[in-house]
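Participant: Have a look at this one.
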Ligand code: 2P0
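In our numbering, the protein residues as written are 1 to 364.
What follows is the structure in structure tokens.
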């Protein structure tokens, strides 16, 4: 079992200045094979694979200084406004990583965070926000203790830490695509952190489009954390974890050879399985809305009639991710305008694509 526990990381052992700023930009990701169901300390019941997005990201900056013993050692600002309501989540995260980064409790932290996507667009931001925080915490270690490590070791640790903030966040750390969870077909895969899936990824997927149709901006009725929990008693759970594992085995060679049609079939099957699990949980819940279903049926009809490889996937919510290769973006653009925009709240569609992963914001 991998452990990053390090009791020596306390400020009295530091070699560098104890005041400064670190900042990271971290994108969101969309799972193609879904993670739904966990155990232990944020460990997945099945392996998942995701695409890293480009335009949906969180920017986080942490200003740090030694604790002055005032009560308010942690401050959080979202889009310029102080938000004490976010603090319990961050305290909980810091508590989970206290043995890895004991120095965090000796610091005053002022965290400034903002998202590239509009506020309350119904887009899950936990992957990008926890990813950005995890990267900042890892940079803090580097800044304060002068730690030297390879970029790969840094990202592996950041992914491990991000997982403890939010499971899916551990996949946001890598360019293009990531696998999280031990799977016999993926060398180096692990339940404790995500790994990059880049070398074997066909070029067509490196520029793949992922447009997010904002079907509804309302807050979800059931959180993902509760959704995961309900898998503990879902009567289909065992079969589902096997299905996810089988789908990953099927998907890997498809991602390698670049077969967009075969890819799309698995992506859609996974999305519908995820929502079927929600409907068969006890208590059950439904996150799709009538417009989600209308959009799905229009996408399938368009695909059939136009013979174009346009597919969908869903996150834990009503919004649709429209997946297609870059080369057909003009044709899909017309389709979105004519048939999908009217199904979106405020006509909103966020045009995104597979991206290059997180980036450290260097001081100007
Ligand atoms: C995923 N989702 O693979 C799946 C599919 C949503 C749909 O993981 O409790 O925010 O923080 O580990 O990662 C969303 O759940 O849950 C999620 P926690 P998370 O992306």
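Cβ atoms here follow ideal geometry from the backbone N, Cα and C, with glycine treated the same way.
1) Go to residue 169, then tell me how far its alpha helix (DSSP H) extends in each direction, as first and last residue.
2) Return helix, strand or coil for residue 275, following the three-state DSSP convention.
3) The alpha helix (DSSP H) that contains residue 335, what's its start and end?
4) Assuming contact is defined by CB atoms lying nearer than 9 angstroms, are residue 58 and residue 139 in contact in what I supplied?
5) Using the rule of at least 16 other Cβ atoms within 10 Å of the residue's Cβ for burial, across every protein chain shown, is residue 213 buried or exposed?
6) By the DSSP assignment, the alpha helix (DSSP H) with residue 240 in it spans what residues?
7) For the region 45-53 against the region 162-178, do three or more pairs of beta-carbon atoms, one drawn from each stretch, fall closer than 8 angstroms, so that the two count as touching?
8) Let me know the alpha helix (DSSP H) ranges lying completely inside the region 73-113, each 4 residues or longer, listed in chain order.
9) May I ask you to verify whether the region 239-248 touches the region 345-357, counting CB pairs closer than 8 angstroms and requiring at least 3?
10) Along the beta strand (DSSP E) that carries residue 177, what are the first and last residues, could you check?
11) Could you tell me whether the region 281-295 touches the region 213-227, where touching means 3 or more Cβ pairs closer than 8 angstroms?
12) Have a look at residue 88 and residue 166 and give me their C-alpha separation to the nearest angstrom.
13) Closer than 8 angstroms: is that where the CB of residue 29 sits relative to any heavy atom of the ligand 2P0?
14) Identify which residue in 11, 343, 297 has its Cα closest to the Cα of residue 143.
15) By alpha-carbon positions, which one of 284, 5, 150, 271 ends up nearest to residue 221?
16) Which residues share a DSSP beta bridge with residue 26?
17) Across the region 76-95 and the region 141-155, are there enough close Cβ pairs to call them in contact, namely three or more that are closer than 8 angstroms?
18) What separation, rounded to the nearest whole angstrom, lies between the Cα atoms of residue 73 and residue 343?
19) What is the residue span of the alpha helix (DSSP H) that residue 135 lies within?
20) Should residue 21 and residue 79 be called a contact, given that it needs their Cβ atoms to be closer than 9 angstroms?
21) Could you check if residue 2 is buried or exposed, using at least 16 other CB atoms within 10 Å of its CB as the buried criterion?
22) Where residue 321 and residue 348 are concerned, what is the direct C-alpha to C-alpha distance, given to the nearest angstrom?
23) May I ask which residues mark the beginning and end of the beta strand (DSSP E) holding residue 301?
Facilitator: The structure says:
1) Careful: residue 169 lies outside any alpha helix (DSSP H) and carries neither H nor E.
2) helix
3) 329-335
4) no
5) buried
6) 237-257
7) yes
8) 87-96
9) no
10) 177-180
11) yes
12) 14 angstroms
13) yes
14) 11
15) 284
16) 58
17) no
18) 45 angstroms
19) 126-145
20) no
21) exposed
22) 13 angstroms
23) Looking at the DSSP string, residue 301 is not in any beta strand (DSSP E); the run it does join, the alpha helix (DSSP H), is 290-306.
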